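I have placed the structure first, in the form of structure tokens, so that the comments after it can refer back to it.
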Amino acid sequence: MAFEENDLVTDAEQRMTADEEALLDELGIYGDSRRKFLGQLGGAGLGALVLNIVAEQKALAFNDSGSAYATPAIENSVTVTFNVNGVKKSLDLDSRMTLLDALRERLGLTGSKKGCDHGQCGACTVIVEGRRVLGCLTLTAQCDGRSVTTIEGLATGDQLHPIQTAFIKHDAFQCGFCTPGQICSAVALMQEAKNGDASYVTPSVRQKTGAMQLSDEEIRERMSGNLCRCGAYPNIVAAIREIHTGKATDPMAAATMEVHDATV
Amino acid sequence: MRPFKYTRAADTGTAMLAVSSNKDAKYIAGGTNLLDLMKEGVENPTELVDISRLNLSQIRTTATGLSLGALATNSDTANHPLVRRDYPLLTQAILAGASAQIRNMATNGGNLMQQTRCAYFYDIAMPCNKREMGSGCGALEGFNRNHAILGWNSNCVDVHPSDMCVALVALDATVYVQDSGGKARSIPFVDLYQPSADMSMSDTSLKHGELITSIELPKNSFASNSYYLKVRDRASYAFALVSVGAALELSGGKIKHVRVGMGGVAPKPWRAMEAEKMLIGKAPTEENFKAAADAEMKAAKPLKHNTFKIELSKRAMILALKRATGKA
Numbered sequence: 009m010a011f012e013e014n015d016l017v018t019d020a021e022q023r024m025t026a027d028e029e030a031l032l033d034e035l036g037i038y039g040d041s042r043r044k045f046l047g048q049l050g051g052a053g054l055g056a057l058v059l060n061i062v063a064e065q066k067a068l069a070f071n072d073s074g075s076a077y078a079t080p081a082i083e084n085s086v087t088v089t090f091n092v093n094g095v096k097k098s099l100d101l102d103s104r105m106t107l108l109d110a111l112r113e114r115l116g117l118t119g120s121k122k123g124c125d126h127g128q129c130g131a132c133t134v135i136v137e138g139r140r141v142l143g144c145l146t147l148t149a150q151c152d153g154r155s156v157t158t159i160e161g162l163a164t165g166d167q168l169h170p171i172q173t174a175f176i177k178h179d180a181f182q183c184g185f186c187t188p189g190q191i192c193s194a195v196a197l198m199q200e201a202k203n204g205d206a207s208y209v210t211p212s213v214r215q216k217t218g219a220m221q222l223s224d225e226e227i228r229e230r231m232s233g234n235l236c237r238c239g240a241y242p243n244i245v246a247a248i249r250e251i252h253t254g255k256a257t258d259p260m261a262a263a264t265m266e267v268h269d270a271t272v
Numbered sequence: 041m042r043p044f045k046y047t048r049a050a051d052t053g054t055a056m057l058a059v060s061s062n063k064d065a066k067y068i069a070g071g072t073n074l075l076d077l078m079k080e081g082v083e084n085p086t087e088l089v090d091i092s093r094l095n096l097s098q099i100r101t102t103a104t105g106l107s108l109g110a111l112a113t114n115s116d117t118a119n120h121p122l123v124r125r126d127y128p129l130l131t132q133a134i135l136a137g138a139s140a141q142i143r144n145m146a147t148n149g150g151n152l153m154q155q156t157r158c159a160y161f162y163d164i165a166m167p168c169n170k171r172e173m174g175s176g177c178g179a180l181e182g183f184n185r186n187h188a189i190l191g192w193n194s195n196c197v198d199v200h201p202s203d204m205c206v207a208l209v210a211l212d213a214t215v216y217v218q219d220s221g222g223k224a225r226s227i228p229f230v231d232l233y234q235p236s237a238d239m240s241m242s243d244t245s246l247k248h249g250e251l252i253t254s255i256e257l258p259k260n261s262f263a264s265n266s267y268y269l270k271v272r273d274r275a276s277y278a279f280a281l282v283s284v285g286a287a288l289e290l291s292g293g294k295i296k297h298v299r300v301g302m303g304g305v306a307p308k309p310w311r312a313m314e315a316e317k318m319l320i321g322k323a324p325t326e327e328n329f330k331a332a333a334d335a336e337m338k339a340a341k342p343l344k345h346n347t348f349k350i351e352l353s354k355r356a357m358i359l360a361l362k363r364a365t366g367k368a
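Encoded structure:
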């Protein structure tokens, strides 16, 4: 061999400064381990590694948190002040952060779920300014000054929202993952029906009436943005129907199924 | 998602200046399509200019028709009393698309600017001429069940995903845009989708930095005879396999005026001109509807997996025309 592994180690070690020595000591690399470690790296690798470690240490020191998990400086930082479930919140966050991530990761409101993160499942449905929207496709930055209601904000103290009570009564979930989104969606749906808003299955959209009485077909169409992989749909419809009509129904009654338009 | 600078524009001038001066900047309003594409790495803007709070959301009557603000949400537009009364085809088309949550977020201008849902466009590991001209079209010889049967070429066989735009092309809408120099222009809807030679992510004839301010619907007499039919793989919340927007004006038992738009069949919202020509002056009978559907589909060229769309388009057009004329 042209040179021994130990020769390389010795060269590398000789180039180390006292600070670099100290860093390797902090990493717990001593004696033989240090020789093997440095031998694998080679001279240039060591330099780069040490520089990285130094940079990382400086960044941590800058954040002054004393924790190895300190948040690095926020890139493209945006300050957002908004109202979440009746409480004013102010956050500095990366411009990329979606409302769903801000709720879950920054505010600890983990009721809203990340199902697909692409606007296809509805598990992240929350209510912004009275309207149901998808948290996963909303930038938190766009919510500055807005009012957000999540599943955590629907109950009044220990008093559940009527839709929540109805979901429990009608067993409108199995695994429960989609449920917060389903419930937020259903709460907003009630208001849309009161406003007389039409849906794709509304027979005559030309006549805008007052509050609408929704058929099961209407409820299904209006809830179609919320998927349930357990297939609790009949019970979800039953829960919403009960609150919408104000008529208590027997949860054990068989769910009716309608055949969709198969004319084409 | 790549990092980007976020700014909220105070007025349209500031917004247009910001986007015009950075070729990698984009407007964001509802964000329902753009953020999804950014998560997939298909769109990588370095700057987003938030226009969602600009004063462009009015829906109002004009001397010639109804003006829809570019930033009115799809929900507000579909349920506006004047849209429901005078342009029910538009209401139905909007409500056939997406979900209530997405329609609450999505804006009219954004609906026009949305990208194809072609899976080869969405997957950056796949070839796609729209993303990178010259890389090829993955769908041309790939899984193309959802793709075009009309108006495609070998560079791209995608279909335009919008329902709303099918109604707009049928209703002869005009799109109003402005640029940062303050220059305003109008584009007939039927001419909006003109991909540039290199395609370069763009489906429309808009220049970088131009901003859609409103969409105008001319007055018409179609309100009592229109219907939007959408056929898809599940009952709701899915893109169209085929959709048809039909609007007619009847007089003395004959078709005086007719508009037929189609979705899910072409790279742009398709205006079924051949069908319209066949129907003018004829009686609104199933036989005539069938002749019109056959005429429109004469030019259809199916791909390997979507031959079914030709027959489906014919049946959908006949049914939409029947429902529009109260015959089904």
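Which chain is which? The protein sequence lines are Y and V, in order. For the first sequence, my numbering assigns the number 9 to the initial residue and increments by one for each residue that follows. For the second sequence, my numbering assigns the number 41 to the initial residue and increments by one for each residue that follows. We put the beta carbon where it would ideally sit given N, CA and C, even for glycine. As the structure is a prediction and not an experimental result, all values here were calculated from the model.
Which residue comes first and which comes last in the beta strand (DSSP E) that contains residue i?
| i | result |
| --- | --- |
| LEU88(V) | 87–90 |
| ALA398(V) | For chain V, the structure presents residues 41 to 368; residue 398(V) sits outside this window and is missing. |
| TYR216(V) | 214–218 |
| HIS297(V) | 294–303 |
| LYS45(V) | 45–48 |
| THR253(Y) | THR253(Y) -> not in any beta strand (DSSP E); alpha helix (DSSP H) instead, spanning 241–253. |
| LEU142(Y) | 139–142 |
| ILE135(Y) | 133–136 |
| ASN62(V) | Unbroken run through ASN62(V): none, as it is neither H nor E. |
If you follow the alpha helix (DSSP H) that residue i is part of, which residue opens it and which one closes it?
| i | result |
| --- | --- |
| ILE68(V) | First-last for ILE68(V): 65–68, but that is the beta strand (DSSP E), not the alpha helix (DSSP H). |
| ASN114(V) | 114–118 |
| LEU75(V) | 74–79 |
| PHE203(Y) | Inspection of the sequence shows that residue 203(Y) is occupied by Asn rather than by Phe. 187–203 is the span of the alpha helix (DSSP H), which, as asked, contains ASN203(Y). |
| PHE161(V) | 159–162 |
| SER353(V) | 348–364 |
| ASN144(V) | 140–145 |
If you run the structure through DSSP and keep just helix, strand and coil, what is residue i?
| i | result |
| --- | --- |
| THR225(V) | The sequence given here has Arg at residue 225(V), not Thr. Strand, per DSSP. |
| THR325(V) | coil |
| TYR267(V) | strand |
| ILE252(V) | strand |
| ARG104(Y) | coil |
| GLY74(Y) | The predicted position of GLY74(Y) is uncertain, since its pLDDT is 49 and thus under 50; a value taken from the coordinates is nonetheless stated next. The answer is coil: DSSP assigns GLY74(Y) none of H, G, I, E or B. |
| VAL209(Y) | coil |
| SER107(V) | strand |
| THR164(Y) | strand |
| PRO170(Y) | helix |
| LEU145(Y) | helix |
| LEU135(V) | helix |
| LYS177(Y) | helix |
Kindly list, in the order they appear in chain Y, the residues whose Cβ is closer than 9 Å to that of residue i.
| i | result |
| --- | --- |
| GLY71(V) | LEU145, THR146, LEU147, GLN150 |
Quick one: which chain Y residues come within Cβ less than 8 Å of residue i?
| i | result |
| --- | --- |
| MET41(V) | ARG104 |
| SER92(V) | GLN150 |
| LYS79(V) | ASP125, HIS126 |
| ASP76(V) | HIS126, GLY127, LEU145 |
Please list, in chain order, the chain V residues whose beta carbon lies closer than 8 Å to that of residue i.
| i | result |
| --- | --- |
| ASN84(Y) | PRO43, PHE44, LYS45, TYR46 |
| ALA81(Y) | Simply none; closest approach about 12 Å. |
| GLY233(Y) | ALA138, SER139, ALA140, GLN141, ILE142, TYR277 |
| VAL92(Y) | Ordered by position in chain V, no residue passes the 8 Å Cβ test against VAL92(Y), which lies about 18 Å from the chain. |
| LEU142(Y) | THR72, GLN141, ILE142, MET145 |
Whose Cβ in chain V lies nearer than 9 Å to the Cβ of residue i?
| i | result |
| --- | --- |
| ALA201(Y) | Per Cβ cutoff of 9 Å: no residues; ALA201(Y) is ~11 Å from chain V at best. |
Can you list the residues of chain V that residue i reaches, using a CB-CB cut of under 7 Å?
| i | result |
| --- | --- |
| ARG230(Y) | ALA140 |
How would you list, in chain order, the residues of chain Y whose beta-carbon sits under 7 Å from the beta-carbon of residue i?
| i | result |
| --- | --- |
| ALA263(V) | ARG214 |
Using a threshold of 6 Å, is the CB atom of residue i nearer than that to any non-hydrogen atom of the ligand SAH?
| i | result |
| --- | --- |
| LEU74(V) | This structure lacks the ligand SAH; in fact it carries no ligand of any kind. |
**Request:** Tell me, please, whether the region 243–255 of chain V touches the region 344–352 of chain V by the rule of three or more beta-carbon pairs shorter than 8 Å.
**Result:** no
**Item:** Near-chain Y residues of the region 45–56 of chain V - C-beta to any C-beta below 8 Å
**Value:** LYS45, TYR46, ARG48
**Prompt:** Using a Cβ cut-off of 8 Å, which residues of the region 125–149 of chain V contact any Cβ in chain Y, in chain order?
**Reply:** ARG125, PRO128, THR131, GLN132, LEU135, ALA136, ALA138, SER139, ALA140, GLN141, ILE142, ASN144, MET145
**Prompt:** Listed from N- to C-terminal order along the chain, which residues in the region 97–122 of chain V have their beta-carbon within a distance smaller than 8 Å of any beta-carbon of chain Y?
**Reply:** SER115, ALA118, ASN119, PRO121
**Request:** Please determine if the region 126–135 of chain Y and the region 223–239 of chain Y are in contact, where contact requires at least 3 C-beta pairs separated by less than 8 Å.
**Result:** yes
**Touch test, the region 138–145 of chain Y against the region 93–113 of chain Y, Cβ-Cβ under 8 Å, three pairs minimum** = yes
**Request:** Give the residues from the region 238–254 of chain Y that approach chain V closer than 9 Å (Cβ to any Cβ), ordered along the chain.
**Result:** none
**Request:** Taking 8 Å as the threshold, find out whether the region 256–271 of chain V comes into contact with the region 283–290 of chain V through three or more Cβ pairs.
**Result:** yes
**Prompt:** Would the region 115–122 of chain Y and the region 167–176 of chain Y be scored as touching if the rule is three or more Cβ pairs under 8 Å?
**Reply:** no
**Prompt:** Are the region 173–192 of chain V and the region 336–345 of chain V touching by the rule of at least three beta carbon pairs closer than 8 Å?
**Reply:** yes
**Item:** Near-chain V residues of the region 114–125 of chain Y - C-beta to any C-beta below 8 Å
**Value:** ASP125
**Asked** Can you find at least 3 beta carbon pairs, one from the region 94–113 of chain V and one from the region 145–152 of chain V, that sit closer than 8 Å?
**Response** yes
**Asked** What residues from the region 289–309 of chain V come within 7 Å of chain Y, judged by C-beta to C-beta, listed N to C?
**Response** none
**Prompt:** Counting Cβ pairs, one atom from each stretch, are 3 or more of them under 8 Å apart for the region 125–142 of chain V and the region 185–202 of chain Y?
**Reply:** yes
**contact_flag[the region 172–188 of chain V, the region 203–221 of chain V] where n(CB pairs < 8 Å) is 3 or more** = no
**Message:** I'd like to know if the region 64–82 of chain V and the region 252–259 of chain Y are in contact, where contact means that at least 3 CB-CB pairs between them fall below 8 Å.
**Reply:** no
**Message:** For the region 200–209 of chain V against the region 308–317 of chain V, do three or more pairs of beta-carbon atoms, one drawn from each stretch, fall closer than 8 Å, so that the two count as touching?
**Reply:** yes
**Item:** Stretch-stretch touch, CB-based, cutoff 8 Å, three pairs: the region 87–101 of chain V with the region 46–53 of chain V
**Value:** yes
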